[in-house]
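First up is the structure itself, then whatever we jot down about it.
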Amino acid sequence: MLRGCVTDRTAVSLAVFRGFAVAVLAFAGINAVRALGPGGSSVAWHLFYLPGVRGGADACLALLAVVLGWSAFGGVGRRGVAVALGLGLAALAVVAGYNALAFADLAQEGAIRSAFPVPLSAGLAVVLVLHGVLCLWPRHVAARGEVGGEVGEKAGARRAIGGAAVAAGVAAGVASLGWGMLAVVLHIHAFGLTDYRRPADAIVVFGARAYADGTPSEALSERVMTGVALYKQGLSPRLVMSGGVDPSGVSEPVVMREVAVAAGVPAEAIVLDELGVNTEGSVESVAGMAGRLGLGRVLAVSHYFHLARIKLLFERRALRCFTVPADEGETLLLGTPYYVLREAAGLMFYFVLG
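Counting from 59, one number per residue, gives the positions in the sequence shown under this note's numbering.
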C-alpha cells in the first residue's frame with residue numbers, strides 16, 4: 059500500500075490548493091505577457107497595492123505565483139522549505155490585509171463608497187493565510203511528496219500512481235477554473251459596487267436600449283440620471299453620451315441627451331458619441347476624442363456589473379478612468395445574473411485577448 063495514504067478530504071483540499079495555484083499562475087503569466095506587449099499595462103494592482111513603491115504590485119504578484127507554484131507542485135519535503143513558503147504567503151497576506159484596511163479608511167473618510175460588504179483584499183488575505191497553513195500541514199506535505207515504499211517498484215503500483223496523478227491533475231484543473239470564475243465574479247461585484255466619483259474632465263455615460271418611440275429603457279434612464287447627478291454635483295463640466303444607432307434610426311445618445319436636458323443639464327454641456335455600438339466601441343471613441351476635448355480623466359457611468367470591463371478597456375488605452383455605478387433604486391434589473399455571467403466571460407476574454 060502507499061505510504062502516507064491521504065484521506066478523501068485531504069485529496070479534495072489538495073485539489074483546491076493546487077487549483078488556486080494554477081489559477082494564480084495563469085493570471086500572473088497572462089498579465090506579464092499583456093503588460094510587456096505594445097501599449098500593455100499591468101492589472102496586478104487589483105490584487106496588491108504598495109503606495110510609493112514602483113512596481114510593487116507586480117513584484118507581489120510574481121512572488122505569489124512563485125510561492126504558490128512551488129508549494130503546490132515543487133519539492134516541499136524539507137521542513138525549512140515548507141516554512142519559507144508559508145512565511146512568503148503570510149507576508150503577502152499582510153499586504154492584502156493592509157490594502158483592506160486602507161480601503162476601509164477611504165470608505166470611512168467618504169473618498170469612496172461601496173455597497174459590497176467586505177473589501178476583496180480581506181478575502182484574499184484569508185485565502186493566503188489558509189494556504190500558508192496548508193503548506194505546513196503534514197498530510198498535505200505527504201500528499202505532495204514522493205510515493206515511497208516497497209511497492210513503488212511494482213508495475214501495478216506504478217499504474218495506480220500514474221492514474222492517481224492524472225486524476226489529481228484533472229481535479230486541480232477543474233478547481234482552477236472554479237477559482238478563476240469565482241474570482242472574476244467577486245471582482246465584478248466588489249469593484250462595480252464601489253463608487254469612485256471624483257472631479258474629472260468628462261462624465262461618460264454608457265448607452266442601453268432606447269425604444270422605437272424615443273423613450274429610454276429603465277437601464278438607460280438609470281445611467282443617464284446618475285450622470286446628471288454627477289454633473290450637478292460639479293464633478294465635471296461636460297457629459298459624453300455614448301451609444302449606438304439602431305437599424306430603425308433611433309439614436310441612444312440623442313435619447314440620452316433629451317433625458318439629461320429635461321433634467322436640467324444645458325444642451326451645450328452634452329457631447330454625443332454615436333460610435334458606441336458596444337462597450338469597446340464606446341471606449342475607443344472616447345479615447346479618440348480625448349485630445350480634442352482635453353480628456354485626461356473620465357468618470358464612467360454604467361450598471362455595476364459592466365464597470366470592471368470598462369475600467370480594463372480604458373486602462374488599455376492609457377486614459378484614466380474612475381467608475382460610478384448607476385443608481386438602480388429599489389429593484390435590480392431583470393436578468394442581472396445573466397448580465398453578470400456575460401460580463402465575467404467578457405472580462406476574461408478582454409483580459410486575455412482584448
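The beta carbon of each residue, even a glycine, is placed where N, CA and C say it ideally should be.
I believe residue i touches residue j by the beta-carbon criterion, under 8 Å. Please report the beta-carbon distance rounded to the nearest angstrom.
| i | j | result |
| --- | --- | --- |
| R285 | L297 | Strictly speaking, residue 285 in this sequence is Gly, with Arg absent from that position. The Cβ separation is near 5 Å, so the contact holds. |
| S234 | A81 | 4 Å |
| L288 | L357 | 6 Å |
| A84 | S100 | Between S100 and A84 the Cβ distance is about 15 Å, and since that is not below 8 Å, they are no contact. |
| F264 | T381 | With 8 Å as the limit, F264 and T381 do not qualify as a contact, their Cβ atoms being about 10 Å apart. |
| I88 | V308 | Between V308 and I88 the Cβ distance is about 39 Å, and since that is not below 8 Å, they are no contact. |
| V282 | M314 | 5 Å |
| A258 | R355 | 5 Å |
| L186 | A151 | 4 Å |
| L192 | S71 | 7 Å |
| D253 | I170 | 6 Å |
I need the DSSP call for residue i, collapsed to helix, strand or coil.
| i | result |
| --- | --- |
| L330 | strand |
| G206 | Residue placement at G206 is poorly supported in this model, since its pLDDT is 39, which falls under 50; the coordinates still yield a value, given next. Residue state, collapsed to three classes: coil. |
| F249 | helix |
| L121 | helix |
| L411 | coil |
| A218 | Reliability of the predicted coordinates at A218 is poor, the pLDDT of 49 falling under 50, and the value obtained from them is presented with this limitation in mind. If DSSP states are grouped into helix, strand and coil, A218 belongs with the helices. |
| V335 | coil |
| A345 | helix |
| R112 | coil |
| L105 | coil |
| L159 | helix |
| A173 | coil |
| A321 | coil |
| L353 | coil |
| G181 | helix |
| S71 | helix |
| E211 | For E211, the predicted structure reports a pLDDT of 47, less than 50, and the residue's modelled location is therefore unreliable. A value from the coordinates is still provided. In this structure, E211 counts as helix in the three-state DSSP scheme. |
Decide if residue i is buried, meaning its Cβ has at least 16 other Cβ atoms within 10 Å, or exposed.
| i | result |
| --- | --- |
| G207 | Any reading at G207 needs caution, since the residue's pLDDT is 41, under 50, leaving its predicted position unreliable; the model's value is listed next. Exposed is the call here. |
| E310 | buried |
| D331 | buried |
| Y396 | exposed |
| E280 | buried |
| K290 | exposed |
| L353 | buried |
| E326 | exposed |
| G367 | The residue you asked about is not Gly; residue 367 is Arg in the sequence shown. Per the 10 Å Cβ criterion, buried. |
| E211 | Because the pLDDT at E211 is just 47, under 50, the model does not fix this residue reliably, and the point stays unresolved. |
| V111 | exposed |
| V417 | What the structure shows of the chain is the stretch from 59 to 412, and residue 417 is not part of that stretch, so it cannot be assessed. |
| G301 | buried |
| V91 | exposed |
| R374 | buried |
| P295 | exposed |
| E167 | exposed |
| A349 | Reading off the sequence, residue 349 comes out as Gly, not Ala. G349 comes out exposed. |
| E401 | buried |
| S172 | buried |
| A403 | exposed |
| Y269 | exposed |
| R378 | exposed |
| F161 | buried |
### Task
Please go through the region 361-404 and give each complete beta strand (DSSP E) segment of 3 or more residues, from N-terminal end onward.
378-383
### Message
Which complete beta strand (DSSP E) runs does the region 232-310 hold, if anything under 3 residues is left out?
### Response
260-264 and 297-300
### Query
Counting Cβ pairs closer than 8 Å, one from the region 271-280 and one from the region 232-252, do we hit at least three?
no
### Query
Can we say the region 243-260 touches the region 332-343, given the rule of at least three CB pairs closer than 8 Å?
no
### Message
Between the region 115-127 and the region 70-84, can you find at least three pairs of beta-carbon atoms closer than 8 Å?
### Response
yes
### Task
Mind the definition here: the region 137-153 touches the region 112-123 only if three or more C-beta pairs lie below 8 Å; say whether that holds.
yes
### Message
Could you check whether the region 154-163 touches the region 180-191, counting it as contact only if at least three pairs of C-beta atoms, one from each stretch, sit closer than 8 Å?
### Response
yes
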